[in-house]
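Quick notes on the structure that follows.
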Amino acid sequence: MSSYIFMDESGDLGFDFTKKKTSHYFVVTFLFAKDKKKLNKLVRKIFRNFSKTEIKNHHGTLHAFKEKPVTRMRLLNLLSEQDVYILTVRMNKKNVYTKLQDEKHVLYNYVVNILLDRMIRKKLVPQNKPVHFVASKRETNKFLNENFATYLKEQSKTNHKLDINIEIKTPSEEKGLQIVDSLAWSFFRKYEHEDESYADIVKGKVVEENGLFT
Numbered sequence: 036m037s038s039y040i041f042m043d044e045s046g047d048l049g050f051d052f053t054k055k056k057t058s059h060y061f062v063v064t065f066l067f068a069k070d071k072k073k074l075n076k077l078v079r080k081i082f083r084n085f086s087k088t089e090i091k092n093h094h095g096t097l098h099a100f101k102e103k104p105v106t107r108m109r110l111l112n113l114l115s116e117q118d119v120y121i122l123t124v125r126m127n128k129k130n131v132y133t134k135l136q137d138e139k140h141v142l143y144n145y146v147v148n149i150l151l152d153r154m155i156r157k158k159l160v161p162q163n164k165p166v167h168f169v170a171s172k173r174e175t176n177k178f179l180n181e182n183f184a185t186y187l188k189e190q191s192k193t194n195h196k197l198d199i200n201i202e203i204k205t206p207s208e209e210k211g212l213q214i215v216d217s218l219a220w221s222f223f224r225k226y227e228h229e230d231e232s233y234a235d236i237v238k239g240k241v242v243e244e245n246g247l248f249t
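Residue numbering for the sequence shown follows my numbering, starting at 36 and increasing by one per position.
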């Protein structure tokens, strides 16, 4: 039976802090699940509570940023009852080396790989079963997407002798990505806006929560 790692991020990789919309933190979050069917059911359960107008406006996809607080909290509460693990890493952008600031794609790959490495070292990833790593699509550039997938796959093979299937999909294609979007948003909210109310709901499922360039 396959295992799944769903990944998303929150914040931006801009470094011009004179701009109001530039975030101070960049957060990457993983959601590990042995059964993605249960995650799919969870999302469908959220939609069953929507009115016909709400369903129409959502176009089949949940987006944490746009949701009402009651919807976010319901989703996180339902997730807290599932057999899942959550890992998250926050990057303090103000302390990132200048060279890395100029290589945003290298920096992105580096941060994601650090979290994946920690996940494998904690022995959360089964060694003898297929593992599907599903990242939320952030780039339209095919080359950059392929570079990201190749980099993660090679790092896992070289450092851990682990063959991971890397996929880049949209939240409409994978419901698990809609859930990890809410998680990434919740942890970003915790650090960027000092609001722990959402992240606290799932704290019992968090096995890794650390900082980079702190």
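Ideal placement from N, C-alpha and C gives every residue a C-beta, glycine not left out.
Quantities reported herein were computed from a predicted structural model and do not represent experimental measurements.
In the DSSP assignment, I121 falls within the unbroken beta strand (DSSP E) covering V119 to N127. In this structure, D43 lies near L212, with their beta-carbon atoms less than 8 Å apart.
By the Cβ-count criterion, F61 is buried, with 16 or more other Cβ atoms from all chains shown falling within 10 Å of its own Cβ. Under DSSP, K204 shares a beta bridge with S171. Residue state for F85 is assigned as coil, using DSSP reduced to three classes.
Residue pairing by DSSP places Y39 opposite A68 and H167 in a beta bridge. One alpha carbon belongs to K76, the other to R224, and they sit about 26 Å apart. Shortest Cα-Cα distance from G49 to any of I40, F100, T175 and N127 involves N127.
One Cα belongs to R109, the other to N130, and the distance between them is close to 35 Å.
Look at the region 93-161 and you find these whole runs of alpha helix (DSSP H), each 4 residues long or longer: 104-114, 133-136 and 139-156.
In the three-state DSSP reduction, G49 falls in the coil class, being neither helix nor strand.
Just measuring C-alpha positions, the residue of N245, Y233, V146 and S217 sitting nearest L74 is S217. With distances taken between CA atoms, V146 lies nearest to Y186 out of Y186, L159 and Y120. Your pair F222 and R83 does not check out as a contact, with CB atoms roughly 27 Å apart and the cut at 8 Å. DSSP, reduced to helix, strand and coil, places Y226 within a helical segment of the structure shown.
P104 is classed as exposed because its beta carbon has fewer than 16 other beta carbons within 10 Å across all chains shown. In this structure, I201 sits near K188, with a CB-CB distance shorter than 8 Å. Contact between V119 and K238 is ruled out by a C-beta separation of about 13 Å, above the 8 Å threshold.
Beta-bridge partners assigned by DSSP to N245: V124. Secondary structure at Y233: coil, using DSSP grouped into helix, strand and coil. When beta bridges are read from the DSSP output, F61 appears opposite G46 and M126.
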